[in-house]
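A quick write-up on the structure given underneath.
In the working numbering, the protein residues as written are 10 to 91.
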């Protein structure tokens with residue numbers, strides 16, 4: 010568990026971010042890679058030309074539908090966990 014991100018469904022200190030359920034609680038628990046084998050993580054960052062407002066549950070598909078027309082650049086990095 011990341012001590013820098015407090016538990017709770019809504020995190021007011023992070024702009025009222027909503028947390029998903031990790032291990033039965035509303036909290037950030039970090040990635041949990043499979044044991045004994047290599048695992049890849051892909052992180053994609055998007056630069057938008059304006060701030061957007063995601064209401065409701067912020068899923069990736071909702072984000073892309075709302076933010077897609079404002080993306081001016083994007084990049085990805087891949088991390089390998091062994």
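For glycine and all other residues, C-beta sits at the position ideal for the given N, C-alpha and C. In this text, all values refer to a predicted model and were calculated from it rather than measured experimentally.
- request: Name the two residues that bound the continuous alpha helix (DSSP H) containing residue 66.
  value: Element bounds for residue 66: n/a, residue is neither H nor E.
field: Cα-Cα separation between residue 97 and residue 57, rounded to whole angstroms
entry: Past the edges of the chain, shown from 10 to 91, lies residue 97, and the structure says nothing about it.
Straight-line Cα distance separating residue 28 from residue 91: A straight line joining the alpha-carbon of residue 91 with that of residue 28 spans about 27 angstroms.
message: Going by C-alpha to C-alpha distance, which of 62, 51, 72 and 75 sits closest to residue 85?
response: Residue 85 has its Cα closest to that of 51, out of 62, 51, 72 and 75.
message: Relative to the C-alpha of residue 36, which candidate in 16, 60, 20 and 45 has its C-alpha closest?
response: Comparing Cα-Cα distances from residue 36 to each of 16, 60, 20 and 45, the minimum goes to 16.
task: Report, in whole angstroms, the separation of the C-beta atoms of residue 75 and residue 63, which I expect to be a contact under 8 angstroms.
output: Contact annotation, residue 75 with residue 63: C-beta distance approximately 6 angstroms; criterion of less than 8 angstroms satisfied.
- request: Locate the beta strand (DSSP E) running through residue 85, then write down its first and last residues.
  value: Here the beta strand (DSSP E) through residue 85 covers 80 to 90.
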